[in-house]
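Numbering (UniProt numbering), first residue to last: 1 to 656. Every residue gets a Cβ at the ideal spot worked out from N, C-alpha and C, and that includes glycine. To start, the structure under review is shown below, and the notes come after it.
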């Protein structure tokens with residue numbers, strides 16, 4: 001230490017001095033040390049001072065800042081701070097203070113900050129703050145206060161900021177804030193407040209910010225903030241609160257509103273329209289932001305699917321929605337064309353595959369239009385989010401995706417059972433004919449249509465079933481979602497689809513077991529079984545794709561039953577990347593990998609190659625003819641050329 005930097009003549013050697021400021025941090029002091037009277041800042045943090053006796057600081061009349069944190073102070077004499085007439089900031093946090101004498105601060109007329117955080121203080125009275133005529137900031141974070149006294153600010157006429165965060169305050173009295181005319185900031189977060197009485201804050205006419213978050217408040221009367229004309233920030237987050245539609249109509253000057261962790265089932269644009277100056281709003285769900293389109297900043301910024309600017313939140317989603325849409329559409333259209341062009345002996349199976357491709361193609365159409373509307377709303381989605389999710393287009397796309405999903409699931413189940421009967425019971429006559437197959441396919445489409453259209457029948461019961469997110473697919477239910485819509489969604493995905501998946505898995509396990517146990521020796525039967533084995537092996541990959549597609553969905557639904565919060569990015573990846581897996585892979589698995597299709601494709605390519613060779617030969621022969629202007633010479637030359645070609649052909653025939 002440079003002694004020229006210190007202006008104190010006397011202080012303990014263990015302390016550090018600079019100018020008139022003295023730091024005695026974690027110096028193992030057990031009492032207030034004796035130092036020069038001209039000290040202006042004294043830090044005694046982290047020592048072992050257990051009590052402050054009378055007149056402990058009486059000689060330090062120029063002291064402006066006193067730090068006594070982390071000492072486990074228990075006893076403070078009523079006159080311990082006598083003589084600190086210039087003290088402006090007093091820190092008593094992280095101690096063991098349970099009780100303070102009335103008037104203990106009576107001589108601190110210039111005190112501006114009083115910090116009493118992290119102490120087990122149970123009760124305070126207005127008289128405790130006697131003499132604090134200049135107090136600006138009072139902090140009692142994480143104490144054990146159970147109630148606030150009447151006329152709290154009676155001895156603190158200029159108090160501006162009060163922080164009672166993390167106490168055990170259970171209720172608020174109408175008379176607690178009567179004398180707090182200058183109060184602008186009030187923090188009551190993290191208490192046990194259950195009830196907010198009417199007009200309880202009416203006397204706080206200068207209040208600009210109030211924090212009531214992390215309490216047990218179930219309802220806030222409409223008149224609670226009526227007189228707070230200067231209120232700019234209101235935090236009601238993390239309360240089991242029910243909000244009225246006109247809850248905030250008396251707060252036209254509010255600039256920031258926090259409603260995080262609050263479910264708002266009755267949310268509407270009318271709820272936030274009166275707050276014309278609102279610039280920041282904080283919700284539990286990104287979807288709620290669509291009801292406050294005039295607010296400049298709204299959080300959460302995304303639900304993993306959409307963002308404030310775009311229907312699809314990130315570049316990966318925006319690119320792959322087009323890629324997967326194209327693969328799904330063109331792949332299925334190609335299979336339909338090839339199945340129509342290449343004739344098959346099993347026409348009923350071909351018909352089923354074509355119908356499956358039609359259902360899968362609808363998923364590609366759905367993704368295509370999601371991409372189209374993403375481009376349409378690019379950079380301005382917040383203005384149209386609510387309009388989009390409540391629009392007929394969004395609901396129609398949701399219907400289309402649900403129809404595609406359910407018809408595809410039911411068709412896969414039917415095709416699996418059909419193959420199961422062919423392999424496990426090869427001699428049975430219970431395989432459906434063309435007419436029966438047609439009826440089954442029509443029934444499957446009818447069931448899929450009914451499943452997809454039911455949510456339109458009763459909006460009061462189902463809510464906006466398809467308009468819960470920007471991609472219009474009801475994959476993960478809101479906790480606020482109508483019980484009808486939530487139950488229906490769980491019934492479809494954990495009922496119909498899960499049962500179908502179990503049937504498919506069971507059928508293929510049975511098929512493989514049956515094939516392995518077969519001990520027939522007849523060559524013809526063995527050849528038939530060999531063909532069925534090849535088909536079963538190919539269908540195994542279909543089951544695998546089903547598992548990749550549906551197991552994440554089942555897990556998502558099961559987690560929703562236990563009210564587990566799922567990141568929105570998980571939902572977006574499932575909708576864009578995982579759900580369309582079947583629709584994109586089915587054309588490959590059902591057609592492009594079959595031995596029949598491979599053989600037909602080889603024949604087609606071979607025939608095409610032969611035609612190409614024949615055309616090239618004709619072209620080479622025609623160009624070998626030489627014409628001259630003399631007709632006689634021309635005729636003779638043509639004749640010789642023809643005879644030469646004929647002799648060559650005869651030679652080739654003889655040699656072959």
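Sequence-distant partners of residue 453 (beyond 5 residues in either direction) whose C-beta falls short of 8 Å from its own C-beta, in its chain, are 399. Bounds of any beta strand (DSSP E) do not take in residue 366; it lies within the alpha helix (DSSP H) bounded by 347 to 376. Secondary structure within the segment 444 to 490: the alpha helix (DSSP H) runs of 4 or more consecutive residues, fully enclosed, are 459 to 462 (chain order).
CA-CA distance, residue 552 to residue 577, rounds to 11 Å.
Rounded to whole angstroms, residue 510 and residue 420 show a C-alpha spacing of 8 Å. Under the 10 Å beta carbon count, residue 457 is surrounded by fewer than 16 other beta carbons and is classified as exposed. Under the three-state reduction of DSSP output, residue 270 falls in the helix class. Excluding five sequence positions before and after residue 241, the CB atoms of its chain that fall closer than 6 Å to its own CB belong to 217, 262, given in chain order. With a cutoff of 9 Å on beta-carbon distance, residue 211 and residue 188 are scored as near each other. In the pairwise beta carbon analysis, the segment 291 to 309 is classified as not touching the segment 544 to 564: fewer than three pairs are separated by under 8 Å. For the pair residue 132 and residue 200, the Cα-to-Cα distance works out to about 25 Å. Just so you know, the alpha carbons of residue 165 and residue 147 end up roughly 13 Å apart.
If you check the CB distance, residue 451 and residue 492 come in under 9 Å.
In the structure shown, residue 73 adopts coil according to DSSP, grouped into three states. The beta carbons of residue 308 and residue 315 sit no closer together than 9 Å. Here the alpha carbons of residue 81 and residue 157 stand approximately 21 Å from one another. Beyond the five residues adjoining it in sequence on each side, residue 26 comes within less than 8 Å, by CB distance, of 45, 46, 47 in the same chain, given in chain order. Pairing residue 182 with residue 208, the inter-Cα distance amounts to about 10 Å. Taking C-beta atoms as the reference points, residue 40 and residue 21 count as a pair closer than 9 Å. The beta carbon of residue 508 is closer than 6 Å to those of 543 in its chain, skipping five residues each way along the sequence.
In this structure, residue 50 sits away from residue 70, with a CB-CB distance that is not shorter than 9 Å. For a cut-off of 8 Å, the C-beta gap from residue 34 to residue 68 is around 16 Å, too long to register as a contact. The segment 313 to 331 and the segment 360 to 379 touch, with no fewer than 3 CB-CB distances between them shorter than 8 Å. In this structure, DSSP gives residue 314 a state outside helix and strand, which the three-state scheme calls coil. DSSP places residue 297 inside the beta strand (DSSP E), whose first and last residues are 297 to 299. In chain order, 73, 74, 76, 116, 119, 120, 121 place their CB closer than 8 Å to the CB of residue 97, counting only its own chain and leaving out the 5 sequence neighbours on each side. As summarised for the segment 36 to 61, the continuous beta strand (DSSP E) elements at least 3 residues long and confined to that stretch are 41 to 43, given in chain order. If you compare the alpha carbons of 110, 104, 94, 135 with that of residue 85, the shortest gap goes to 110. Shortest Cα-Cα distance from residue 224 to any of 66, 353, 317, 251 involves 251. One Cα belongs to residue 254, the other to residue 278, and the distance between them is close to 6 Å. The C-beta of residue 281 has 16 or more other C-beta atoms within 10 Å across all chains shown, which makes the residue buried.
In the structure shown, residue 198 adopts coil according to DSSP, grouped into three states. Per DSSP, the unbroken alpha helix (DSSP H) holding residue 382 starts and ends at 381 to 389.
Looking only at 602, 273, 78, 154, the smallest Cα-Cα distance to residue 291 is reached by 273. Taking all protein chains shown into account, residue 439 has fewer than 16 neighbouring C-beta atoms within 10 Å of its C-beta and is therefore exposed.
A distance of 9 Å or more separates the beta carbons of residue 265 and residue 286.
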